[in-house]
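Student: At position 119 of the sequence shown the residue is numbered 119 (the UniProt record's numbering), and the sequence of numbers has no breaks. Have a look at this one.
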Amino acid sequence: MDITGLLVFATALFIAAASPGPGIAAIVARVLGRGTQGAAAFGAGLAIGDVIWLTFAIAGLAALAQAFHGVFLVVKWVGAAYLLYIAYKLWTAPAAPQEVVADRKAEHPAKVFLGGLAVTMGNPKVMVFYLALLPTIVDLTRITLLGYAELVGATLTVLAVVFAAYIGLAARARRLFTSPKAIRILNRTTGTVMAGAAAAIASR
Numbered sequence: 001m002d003i004t005g006l007l008v009f010a011t012a013l014f015i016a017a018a019s020p021g022p023g024i025a026a027i028v029a030r031v032l033g034r035g036t037q038g039a040a041a042f043g044a045g046l047a048i049g050d051v052i053w054l055t056f057a058i059a060g061l062a063a064l065a066q067a068f069h070g071v072f073l074v075v076k077w078v079g080a081a082y083l084l085y086i087a088y089k090l091w092t093a094p095a096a097p098q099e100v101v102a103d104r105k106a107e108h109p110a111k112v113f114l115g116g117l118a119v120t121m122g123n124p125k126v127m128v129f130y131l132a133l134l135p136t137i138v139d140l141t142r143i144t145l146l147g148y149a150e151l152v153g154a155t156l157t158v159l160a161v162v163f164a165a166y167i168g169l170a171a172r173a174r175r176l177f178t179s180p181k182a183i184r185i186l187n188r189t190t191g192t193v194m195a196g197a198a199a200a201i202a203s204r
């Protein structure tokens, strides 16, 4: 794939990924409410979901995606349910000052990863970008195996940069909250944001 087309794709993806949406809201709210533990696994799940939608678009599977509408509907609700679960945990989290470091209850990385994957697979913003907008950016009929690998590499690189920036900013913001009252407000605000992200996914 020529470098110009790859740069156009990477730029468009960066703009789309960096703009607020359910995925960004989820990862920021998660870091604010629970710390950076599990953020990498959650971000990896979000990113792999993007690669799946990219693969669908390149393989011309938009029609197949519509044919399996019921499957994606289930995935969408699983993603929304996961976000609501995290929202509940944040809303009811203790407000002790020492908890500002992180919610120390261990989560299995696979569970966190699958939660991020479900969020992306059910996110209408991601679906629209890959299935509707991507064909206007890249000539999908001329993508070779090497071109596909380059697009996947560009996707993972761009998303890694975007997610790392949001995680870093959220982690810095979290350290500003040191009193029980501030932590309670933070937890409930991020819980509400997470529930809003769930609603955004479920309503599309």
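Note that the Cβ used here is the ideal one computed from N, Cα and C, for glycine as well.
1. Give the straight-line distance between the Cα atoms of G33 and T120, rounded to the nearest whole angstrom.
2. Just to check my reading of the structure: A155 and L54 have Cβ atoms closer than 8 Å, yes? What is that Cβ distance to the nearest angstrom?
3. Measure the alpha-carbon distance for L114 versus V51 and round it to whole angstroms.
4. Grab me the residues of A41's own chain with a C-beta within less than 6 Å of its C-beta, minus the 5 sequence neighbours each way, in chain order.
5. What is the DSSP secondary structure of V138, reduced to helix, strand or coil?
6. State the Cα-Cα distance for the pair P135 and T157, rounded to the nearest angstrom.
7. Compute every distance between the C-beta of A18 and the non-hydrogen atoms of the ligand COA, then say whether any falls below 8 Å.
8. Less than 7 Å between C-beta atoms, sequence neighbours within five positions excluded: which residues of the same chain meet that for I137?
9. Taking the alpha-carbon positions, what's the A25 to L146 distance?
10. In the DSSP assignment, the alpha helix (DSSP H) including V128 goes from what residue to what residue?
11. Measuring CA to CA, which of A44, I3, V161 is closest to F14?
12. State the Cα-Cα distance for the pair A57 and I167, rounded to the nearest angstrom.
13. Which residues bound the alpha helix (DSSP H) around A59?
14. In three-state DSSP terms, what is G35?
15. Do you know offhand how far M1's Cα is from Y88's?
16. Within 10 angstroms of its Cβ, does Q98 collect 16 or more other Cβ (buried), or is it exposed?
17. Using the Cα positions of A165 and I143, report the straight-line distance between them to the nearest angstrom.
18. From the DSSP output, in three-state form, read off M1 for me.
19. Shortest alpha-carbon distance to F163 belongs to which of L151, L140, A44?
20. Between which two residues does the alpha helix (DSSP H) containing P20 stretch?
21. Taking the alpha carbon of L6 as the reference point, which residue from D139, A195, R174, R175 has its own alpha carbon closest?
Tutor: In brief:
1. As a working mapping, residue 33 is identified with position 33 in the sequence shown. As a working mapping, residue 120 is identified with position 120 in the sequence shown. Straight-line Cα distance between these residues: approximately 20 Å.
2. The count along the sequence shown starts at 1 and reaches residue 155 at position 155. The count along the sequence shown starts at 1 and reaches residue 54 at position 54. Checking the sequence, you will find Thr at residue 155 rather than Ala. Correct: roughly 6 Å between the Cβ atoms.
3. As a working mapping, residue 114 is identified with position 114 in the sequence shown. As a working mapping, residue 51 is identified with position 51 in the sequence shown. Those two C-alpha atoms are separated by around 14 Å.
4. As a position in the sequence shown, residue 41 is number 41, starting the count at 1. P109, V112, F113, listed in sequence order.
5. As a working note, residue 138 is residue 138 in the sequence shown. The three-state secondary structure of V138, taken from DSSP, is coil.
6. Within the sequence shown, numbered from 1, the residue matching residue 135 stands at position 135. Within the sequence shown, numbered from 1, the residue matching residue 157 stands at position 157. In a straight line, the C-alpha of P135 is about 20 Å away from that of T157.
7. For the ligand COA, the structure offers nothing, since it holds no ligand at all.
8. The residue given as residue 137 occupies position 137 in the sequence shown. Once the five neighbours on either side are set aside, the close Cβ partners of I137 are V8, F9, A12.
9. In the sequence shown, counting from the first residue as 1, residue 25 sits at position 25. In the sequence shown, counting from the first residue as 1, residue 146 sits at position 146. Their backbone Cα atoms lie some 33 Å apart in a straight line.
10. Translated into the one-based positions of the sequence shown, residue 128 becomes position 128. Here V128 belongs to no alpha helix (DSSP H), and DSSP marks it neither H nor E.
11. Translated into positions along the sequence shown, residue 14 becomes position 14. Checked all of A44, I3, V161; the closest Cα to F14 is V161.
12. Counted from its first residue, the sequence shown places residue 57 at position 57. Counted from its first residue, the sequence shown places residue 167 at position 167. A57 and I167: Cα-Cα distance of roughly 28 Å.
13. Your numbering for residue 59 matches position 59 in the sequence shown. Element bounds for A59: n/a, residue is neither H nor E.
14. Here residue 35 refers to the residue found at position 35 when the sequence shown is read from its first residue. For G35, the secondary structure class from DSSP, reduced to helix, strand or coil, is coil.
15. Mapped onto the sequence shown, residue 1 falls at position 1. Mapped onto the sequence shown, residue 88 falls at position 88. Roughly 45 Å between the two C-alpha positions.
16. Residue numbering aside, residue 98 sits at position 98 when the sequence shown is read from its first letter. Only weak support is given to the placement of Q98: the predicted model assigns it a pLDDT of 43, under 50, and the value that follows is read from those uncertain coordinates. Label assigned to Q98: exposed.
17. As a working mapping, residue 165 is identified with position 165 in the sequence shown. As a working mapping, residue 143 is identified with position 143 in the sequence shown. Answer to the nearest angstrom: the Cα atoms are 30 Å apart.
18. Position 1 of the sequence shown holds residue 1. The answer is coil: DSSP assigns M1 none of H, G, I, E or B.
19. Looking up residue 163 in the sequence shown gives position 163. Here the closest residue by C-alpha is A44.
20. The residue you call residue 20 lines up with position 20 of the sequence shown. Per DSSP, P20 belongs to no alpha helix (DSSP H) and is neither H nor E.
21. For this step, residue 6 is matched to residue 6 along the sequence shown. Nearest option by C-alpha distance: D139.
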